[in-house]
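Protein chains in written order, with our numbering: chain Y, 8 to 178; chain B, 2 to 306; chain X, 334 to 631.
To start, the structure under review is shown below, and the notes come after it.
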Amino acid sequence: MGDVELLALVAGGDRAALRSLYERHAPWLVARLGRRCADRQVVAEVAQDTFVAVWRAAPRYDGRGEVAAWIWGIGIRQLIGQLRKHHPEPVLVVEVEGAEVSAEERVLAGVEHGALAGALNGLSPELRAVVQATVLDGLTTREASRLLGIPQGTVKTRMARARVELRGALA
Amino acid sequence: MSTPRSDPTRGWHAPPELIERYLTQAVDPAGAASLEAHLLECGRCRQTLADAAAMAPSGAATAAAFDPRTWAGIIDVLDQPRRGYVERAMAALGVPGHVARLVAATPALRWSWLAAIAAVLGFVVLVAETTSGAGPEVTFLVLAPLVPLAGIAVAYGPGADPLSEIAAAAPFPAFRLFCLRAAAVLVTSLTLLALAAPFVDAGILAAAWVLPALAVVSVAMALATWLPAPSAAAAAGLTWLVTVATVTGATLRMTSATRLDAVLGTFAPPGQLVAVTVLLVALFVLVRRAPGLELAPSTNFSEVS
Amino acid sequence: MMTSIAVSVVGLRKRYGRTVALDGVDLDLGPGVTGLLGPNGAGKTTFLRTVATVLAPDDGTIRLLGEDPSTAAGRHAIRTRLGYCPQEPGFYPGFTTFDFVDYVAILKEMTDRRARHDEVRRVLGLVGLDEVSGKKIRSLSGGMRRRVAVAQSLLGSPDLLVLDEPTAGLDPEQRLRFREILSRRDPGQAVVLSTHQTEDVAALCQRVVVLHGAKVHFDGTTAELAGVAHDRVWRAGGPDPTARVSWIDATGQYRHVGDPPAGADLVEPTIEDGYLLLVGAAAHAPAVPETGPEAEVA
């Protein structure tokens, strides 16, 4: 059964359908949230709150776009809400020393982003975090500032700098 | 970031090593970004990630695995009975959760009943604002004590509590439940009346109804230890109206006051004192008779002991 | 204090105006399932309501779980160990399944929220309704609503369970599910249920009491009830005016209950035969009921 059908069942109060959605989407959601927030406790709570919110908001899913993207929208905003309360350390995109870029990844990155991938990897962590928050996660400036723990003005200036650098790298 | 329809990566799925490295934070940012974008659209890779997370022994990966304790936490929240405004207000006042739950189910507290009362009061206020003379004030004062009575009658009228049969077989003391709900009705009706009163009369008369209202309600509650609640409420209401009529008649005969002023005589200080006395007597009766009383499903109080 | 006699009733009498609902009932009920059989108006509901401490009798001695329900303290003690599912359970509009059972749990004085919610989930699981605990009751089917009503009666694992027509309006599959629920009960529990269906009695009850015309006409095991009709049931190709009760059974032949003529084709009696014999003897039952063995006395 597809996600859209499951969500429709959830909207009708079907607990088993919610569980199926949870089994399908909780793992990637937790993994992706974990790359935005280092505190595992907070991420676990946010995952819970997200699926409670999914249960309540299911009737309002308008059918446009992937269910996963809809769930992510709920999840990242739940995370931002939690960060307001608990102020854990914001996590920038994690850098691992000597991370290998495999041939598949290069293919994938090359097809998905072209030269953008290399440019993205070449950005400093602060700029990359801003790009990830606003471009990849689809947050507004305000939401990004809450997620990253920086003022809105800083978000804007970093985005501007990132754009300049990316344009330069792609030129 | 979504792949266009003619994109050659259609049919591409993330290799397991990529997902492993994603889960252990050993992937570069662009690769992570690509994978995350892909995962939003590909159920198969989502499942691959879920399987990988379930099998990993430790580290960040296990946090991503399906955790039955987290699911239990979700169910726990979902199951929480949703608290309406009434319950949350009570919780804010320090009322224990379970008591608030019992009271909140009171039929008389339902919005429709409250709306009806508010409409009636609104009408009286409107009349007061648009007409002159003491007519509206007198109407308000005479009718005010009847408002909480109506609420109690509705709360315990026949068929008003669909759970009466089950409640009768439950340990929670029946009369205590009745008193809790009557208190809720009383508080809400008194509040509504208090809000409307200043519009009817800015003077001291704005408060002259309070003690008589309390007295009338306490009489109804005391009578409810003998009669079904609606009958008790009706009897108390009737007694009130008869009292007002009697006092008015006597005042008219003995003085040269106008009709309206004669009615107001009921609310004069001597009347207030009488109200206090009646209130105390009724409360005394209530406290003496309350323990051990049953609330039979037909809303009779039948004393068994 | 565990007493083996859960319900002890002597000389129970109750009347409503001119109608006598119970006329001197004597019964002792212990652990296990006791079925109350009888037509409507026989006093079944009155009896069950009395046992559930909802109704006070006019006369008689009652002991429930060793306590005296005529005192407030006794009633309270009984009610903490009692579960009751009335014939027509009512619901608050807008309540979900969970809300409803949770509310009754509060009435059963379970004040600790965590423990109470766990108990609510437990009984909902027992009746197989855990998946719909978030649904509004008004959106549930009749069979599910009855299960919710049964669930609330199971709260707190009561020592005495009183069920008034728990299978009324249920289709055969639902009735089977109900039997499964009942079979999961604690062994020391005493269950009293009323029903029109002799199949329920046959499947569920160790003991059966036949109530008719405000009196007890039979009190014994289900086998003994069938035994009442021993050698009193026969088959024939046509009607037999000497029979007390007759109908056409599934084979298309006539089944007669009463005093068989010589040489009659005797058959094994069922509980229903015994019941009909008793009830038919007590009232002037029509010679041929309107429908077959499934005759429901409305």
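The beta carbon of each residue, even a glycine, is placed where N, CA and C say it ideally should be.
Model, not experiment: these values are computed from the prediction.
Identity of the residue in the options nearest residue i by Cα
i	options	result
residue 500(X)	587(X), 441(X), 383(X) and 533(X)	533(X)
residue 74(B)	51(Y), 92(Y) and 75(Y)	51(Y)
residue 61(Y)	36(Y), 45(Y) and 41(Y)	36(Y)
residue 198(B)	139(B), 183(B), 162(B) and 76(B)	139(B)
residue 417(X)	425(X), 498(X) and 405(X)	498(X)
residue 16(B)	46(B), 38(B) and 42(B)	46(B)
residue 551(X)	529(X), 359(X), 523(X) and 579(X)	359(X)
residue 445(X)	122(B), 175(B) and 99(B)	99(B)
residue 29(Y)	51(B), 81(B) and 185(B)	51(B)
residue 490(X)	478(X), 504(X), 514(X) and 502(X)	514(X)
residue 357(X)	504(X), 545(X), 595(X) and 440(X)	545(X)
residue 425(X)	162(B), 289(B) and 185(B)	162(B)
residue 530(X)	508(X), 549(X), 520(X) and 601(X)	508(X)
CA-to-CA distance, residue j to residue i, given in whole angstroms
i	j	result
residue 506(X)	residue 151(B)	46 Å
residue 54(Y)	residue 33(Y)	7 Å
residue 345(X)	residue 105(B)	38 Å
residue 16(Y)	residue 451(X)	25 Å
residue 242(B)	residue 354(X)	41 Å
residue 113(Y)	residue 32(B)	Low confidence applies to residue 113(Y): its pLDDT is 49, below 50, so where it sits in the model is not reliable, and the reading given next is rough at best. About 8 Å.
residue 40(B)	residue 69(Y)	20 Å
residue 34(B)	residue 27(B)	13 Å
residue 91(B)	residue 101(B)	6 Å
residue 57(Y)	residue 44(B)	19 Å
residue 226(B)	residue 403(X)	18 Å
residue 49(B)	residue 135(Y)	27 Å
residue 221(B)	residue 470(X)	34 Å
residue 110(Y)	residue 462(X)	Model confidence at residue 110(Y) stands at a pLDDT of 49, short of 50, so the residue's coordinates are unreliable and nothing is read from them.
residue 103(Y)	residue 438(X)	Residue placement at residue 103(Y) is flagged as unreliable, the pLDDT there being 42, under the threshold of 50; a coordinate-derived value is accordingly withheld.
residue 172(Y)	residue 152(Y)	21 Å
residue 170(Y)	residue 38(Y)	27 Å
residue 38(B)	residue 84(B)	38 Å
residue 420(X)	residue 396(X)	23 Å
residue 80(B)	residue 349(X)	43 Å
Residue i vs residue j beta-carbon contact at 8 Å
i	j	result
residue 86(Y)	residue 154(Y)	yes
residue 224(B)	residue 233(B)	yes
residue 569(X)	residue 376(X)	no
residue 280(B)	residue 216(B)	yes
residue 54(B)	residue 19(B)	no
residue 118(B)	residue 190(B)	yes
residue 495(X)	residue 460(X)	no
residue 592(X)	residue 603(X)	no
residue 473(X)	residue 414(X)	no
residue 264(B)	residue 282(B)	no
residue 540(X)	residue 610(X)	no
residue 49(Y)	residue 78(B)	no
residue 82(Y)	residue 130(Y)	no
residue 456(X)	residue 435(X)	no
residue 371(X)	residue 543(X)	yes
residue 97(B)	residue 128(Y)	no
residue 84(Y)	residue 150(Y)	yes
residue 465(X)	residue 433(X)	no
residue 45(Y)	residue 126(Y)	no
residue 18(Y)	residue 65(Y)	yes
residue 212(B)	residue 276(B)	yes
residue 368(X)	residue 554(X)	no
residue 589(X)	residue 573(X)	yes
residue 394(X)	residue 343(X)	yes
residue 502(X)	residue 479(X)	yes
residue 137(B)	residue 125(B)	yes
residue 42(B)	residue 133(Y)	no
beta-carbon residue i near the ligand HEM non-hydrogen atom, thresh 7 Å
i	result
residue 130(Y)	Because no ligand of any kind appears in the structure shown, any question about the ligand HEM cannot be addressed here.
Assumed close pair residue i, residue j - CB separation to whole angstroms, cut-off 8 Å
i	j	result
residue 607(X)	residue 561(X)	4 Å
residue 488(X)	residue 512(X)	Not a contact, Cβ separation roughly 20 Å.
residue 291(B)	residue 230(B)	With a Cβ gap of about 14 Å, residue 291(B) and residue 230(B) do not count as contacting.
residue 365(X)	residue 556(X)	Contact doesn't hold; Cβ gap of about 14 Å is too wide.
residue 398(X)	residue 525(X)	Actually they do not touch by this definition, with Cβ atoms about 12 Å apart.
residue 157(B)	residue 176(B)	The Cβ separation is near 12 Å, so there is no contact.
Is the region 184-202 of chain B close to the region 249-264 of chain B, with three or more CB pairs under 8 Å? no
Quick check: the region 382-398 of chain X against the region 160-172 of chain B, are at least 3 beta-carbon pairs closer than 8 Å? yes
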